[in-house]
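Residue numbers (our numbering): 88 to 189. Note that the Cβ used here is the ideal one computed from N, Cα and C, for glycine as well. Everything on this sheet refers to the single structure shown next.
The structure is reproduced here in structure tokens:
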């Protein structure tokens with residue numbers, strides 16, 4: 088008979104992909120931040136992306152047919168807005184965010 092603690096796995100040394108907030112994954116996926124950026128810093132960047140006029144315009148297009156009242160939908164709308172952008176538009180957004188960061 089084994090001791091109950093022998094069945095447990097060793098703790099992970101780094102968080103899994105699911106432990107990272109959705110806004111962090113969204114920004115990494117679109118190349119707006121590095122994967123190693125801390126979660127609080129990533130949230131600041133996400134807020135800056137959210138107030139960008141181009142993103143707000145694209146988010147409104149996404150939300151037209153869908154009343155988005157809860158927070159996860161806002162993340163989804165931002166992700167969809169970023170998905171609809173070209174590489175040049177994403178690079179321009181990245182530059183605008185970096186200007187606001189300084």
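Span of the alpha helix (DSSP H), counted from its first residue to its last, around residue i
i	result
residue 127	126-137
residue 113	109-116
Top-ranked residue by Cα proximity to residue i, from the options
i	options	result
residue 141	116, 164, 110, 108	164
residue 167	184, 144, 185, 183	144
residue 146	114, 132, 106, 172	172
residue 178	119, 133, 132	119
residue 186	175, 174, 132, 160	132
residue 161	176, 175, 106, 134	134
Sequence-distant residues of the same chain with beta carbon closer than 7 Å to residue i, five excluded per side
i	result
residue 108	126
residue 139	180, 183
residue 115	122
residue 149	164, 167, 168
Nearest-angstrom beta carbon gap, residue j and residue i [assumed within contact, 8 Å]
i	j	result
residue 169	residue 111	With a Cβ gap of about 13 Å, residue 169 and residue 111 do not count as contacting.
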